[in-house]
Amino acid sequence: MEDRTDLPGIKFKHVASRGLTVSFDRVEMSQTATRRGEYKIGPLVVRTSDPFGMFPQEVVFGSEETILVNPKIIDIPDFATT
């Protein structure tokens, strides 16, 4: 599985093998963004193949989404806003 994202420092790849079948009901991922900006997340791509690599398959789940990361708002002591 691979989540296609351009968030800095985040690369989600997971390899799973359970003999001849791989199954999952739900995949969750959480990460704290450390740089502000506009980023793309998704889609989730699942690749599978037979043991000999002769019949590869790729399934794409979801779509590309855009998120906007803003800096945390903090109070600045003794700062006049007028």
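In this note's numbering, each residue's number is its place in the sequence shown (first place is 1) plus 72. For glycine and all other residues, C-beta sits at the position ideal for the given N, C-alpha and C.
For E74, the uninterrupted beta strand (DSSP E) run begins and ends at 74 to 77, by DSSP. Contact between Q129 and S121 holds, with the beta-carbon distance rounding to 7 Å and staying under 8 Å. Inter-residue distance for E137 and P115 is about 8 Å (C-alpha atoms, whole angstroms).
For F127, same chain residues with a beta-carbon under 7 Å away, outside a window of 5 residues either side, are S121 in chain order.
The beta carbon of R108 is closer than 7 Å to those of V141, N142, P143 in its chain, skipping five residues each way along the sequence. Taking C-beta separations shorter than 7 Å and ignoring five residues to either side along the sequence, the partners of I139 in its chain run Y111, I113, following chain order.
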